[in-house]
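Q: Here it is: the structure, laid out below.
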Amino acid sequence: MQTVTDTDDFMFDLNGYLILRGAVGAELLGQLNAAFDRFPDLEKGDWWGEVQRLDGGGPAGVELQSIVEAGPPFEALIDHPAWIDRVARYCGEQDTYVEGLFIDECFASIRRSGGFFPLHSGGQDGVVRNQFRFVNGQFRCAQVNILLALTDIGPGDGATRVLPGSHKSNLAHPIFARAFDDRREEEDETVEGAVEVHLKAGDALLFVDAIAHGAARRIHPGERRVLIYRYGPSWGATRHGFRYSDALLQRVTPRQRKILQPIPPRRPPAPALG
Ligand SMILES: O=C(O)CCC(=O)C(=O)O
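Going by numbering that gives the first Met the number 0, the sequence shown opens with residue 0, and the numbers climb by one from there.
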């Protein structure tokens, strides 16, 4: 269990992100990588059980959505001790009548040479779903992401780029003058003010989705493997309409179930048969 320190809070408020070094240990890391090795070869849109290949578009690479359905190593991440207290503190509506978390999107991302993700987001639009807020001594963010590296991600490996402090920006970064879809074709190689976050396998990047972020182009051969779990308040809905399966909801711990289904459906009793 990693405790949340005053320094964490200060840096998260200031920059909009934290780097959690050694978040996941060697055993779980090995299980996750072994699971990636066994992923079937899916075409875009194909389903594999409850998991669907739904790529983020353009050069982002392969994305397998609702990856929490892919087995126990992915379930272990739902409430992983390295980050669960932090995400609860930053976006879990703590000390309110709707306290609790919900995972509104979770996916595996595999990015090969040439892949990148254009910069997007930033505080300037005040988008409610991903907003950064601090009110009356409490963090009230609406979406906080965990990006877990399963491979080392250094220079040339397609590192995530963040623009520190941009979760509070009033003005759009000038790069946004070019439309996102145009930048999907060809992103600027450098983005003034942005920093690449270099991670070792097992490190996690925690960031509020309001921060301007994306990923630099991967130029090395091989692949970059990450998992992204997006957390938000208990009353959220999944981004793409996935519903966690009954089998998964039955299998996980009560605490994990509460993060996947904070509000169980309320239905009238089934009519008597006959
Ligand atoms: O792939 C990355 O490193 C960044 C992903 C990203 O920008 C996103 O999922 O919104």
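Glycine included, C-beta positions come from ideal geometry on N, C-alpha and C.
Predicted, not measured: the structure shown is a model, and the values here were computed from it.
Evaluate the contact criterion for the segment 111 to 119 versus the segment 51 to 60: three or more CB pairs, one atom per stretch, below 8 Å.
A: yes
Q: What is the residue span of the alpha helix (DSSP H) that Gly55 lies within?
A: Looking up residue 55 in the sequence shown gives position 56. Looking at the DSSP string, Gly55 is not in any alpha helix (DSSP H), and its letter there is neither H nor E.
Q: Is any heavy atom of ligand 1 found at a distance shorter than 7 Å from the C-beta of Leu146?
A: Reading the sequence shown from its first residue, position 147 is the one you call residue 146. In this structure, Leu146 has its CB closer than 7 Å to one or more heavy atoms of ligand 1.
Q: Return the chain-ordered ranges of every beta strand (DSSP E) run that is complete within the segment 57 to 120 and spans a minimum of 3 residues.
A: 61 to 64, 100 to 111, 116 to 119
Q: Determine whether the beta carbon atoms of Glu98 and Ser233 lie at a separation below 8 Å.
A: For the purposes of this step, residue 98 is taken as residue 99 along the sequence shown, with counting starting at 1. For the purposes of this step, residue 233 is taken as residue 234 along the sequence shown, with counting starting at 1. A contact, by the Cβ cut-off of 8 Å.
Q: Give the range of the alpha helix (DSSP H) segment to which Glu26 is assigned.
A: Start at 1 with the first residue of the sequence shown, and residue 26 comes out as number 27. Start and end: 25 to 36.
Q: Pull up the DSSP beta-bridge partners for Val207, would you.
A: As a position in the sequence shown, residue 207 is number 208, starting the count at 1. Paired residues: Val143.
Q: Taking only heavy atoms of ligand 1 into account, decide whether any of them is closer than 7 Å to the Cβ of Phe206.
A: In the sequence shown, counting from the first residue as 1, residue 206 sits at position 207. Judged by the Cβ position, Phe206 fails to qualify as a neighbour of ligand 1 at the 7 Å threshold, every heavy atom of the ligand being at least this far.
Q: When you compare only the Cα positions, how much space is there between Glu188 and Ile145?
A: Looking up residue 188 in the sequence shown gives position 189. Looking up residue 145 in the sequence shown gives position 146. Approximately 25 Å between the Cα atoms of the pair.
Q: Verify whether the separation of the beta carbon atoms of Gly201 and Gly48 is less than 8 Å.
A: The residue given as residue 201 occupies position 202 in the sequence shown. The residue given as residue 48 occupies position 49 in the sequence shown. No, they are not a contact pair.
Q: Decide if the segment 136 to 154 is in contact with the segment 83 to 94; the criterion is three or more beta carbon pairs, one per stretch, under 8 Å apart.
A: yes
Q: Considering only their Cβ atoms, is the gap separating Arg160 from Glu195 smaller than 8 Å?
A: Reading the sequence shown from its first residue, position 196 is the one you call residue 195. Reading the sequence shown from its first residue, position 161 is the one you call residue 160. In contact: Glu195 and Arg160 (Cβ atoms closer than 8 Å).
Q: Mind reading off the beta-carbon distance from Gly213 to Ser165? Whole number of angstroms is fine, and I expect it under 8 Å.
A: In the sequence shown, the residue the question calls residue 213 occupies position 214. In the sequence shown, the residue the question calls residue 165 occupies position 166. At roughly 11 Å, the Cβ-Cβ gap does not stay under 8 Å, so Gly213 and Ser165 are not in contact.
Q: State yes or no: is the C-beta of Asp7 within less than 8 Å of the C-beta of Arg85?
A: Looking up residue 7 in the sequence shown gives position 8. Looking up residue 85 in the sequence shown gives position 86. Result yes, Cβ atoms of Asp7 and Arg85 sit closer than 8 Å.
Q: Assuming Leu226 and Leu76 form a contact by the criterion Cβ under 8 Å, report the distance between their Cβ atoms to the nearest whole angstrom.
A: Against the sequence shown, residue 226 aligns to sequence position 227. Against the sequence shown, residue 76 aligns to sequence position 77. 7 Å between Cβ atoms; contact.
Q: Check for me: the beta strand (DSSP E) holding Arg160 runs from which residue to which?
A: For the purposes of this step, residue 160 is taken as residue 161 along the sequence shown, with counting starting at 1. Segment 159 to 161, the beta strand (DSSP E) holding Arg160.
Q: Taking the beta carbon of Thr4 as the centre, do at least 16 other beta carbons fall within 10 Å, making it buried, or is it exposed?
A: For the purposes of this step, residue 4 is taken as residue 5 along the sequence shown, with counting starting at 1. Looking at its Cβ environment, which holds fewer than 16 other Cβ atoms inside 10 Å, Thr4 is exposed.
Q: Since Glu191 is in the beta strand (DSSP E), which residue starts that stretch and which ends it?
A: Position 192 of the sequence shown, counting from 1, holds the residue named residue 191. It is not in any beta strand (DSSP E) - Glu191 carries neither H nor E in the DSSP assignment.
Q: Quick check on DSSP: helix, strand or coil for Arg254?
A: Counting from one through the sequence shown, the residue named residue 254 turns up at place 255. In this structure, Arg254 counts as helix in the three-state DSSP scheme.
Q: In chain order, what residues of the same chain have a beta carbon less than 6 Å from the beta carbon of Arg183, not counting five sequence neighbours either side?
A: In the sequence shown, counting from the first residue as 1, residue 183 sits at position 184. Hits under 6 Å: Gly57, Pro117.
Q: Could you have a look at Leu198 and say whether DSSP puts it in helix, strand or coil?
A: Taking the sequence shown and counting its residues from 1, the one referred to as residue 198 is at position 199. DSSP places Leu198 in strand when its eight states are reduced to three.
Q: Should Arg229 be labelled buried (16 or more other beta-carbon atoms within 10 Å of its own) or exposed?
A: What you label residue 229 is simply residue 230 of the sequence shown in a count that begins at 1. Counting the other CB atoms within 10 Å of its CB gives Arg229 a total of 16 or more, which places it among the buried residues.
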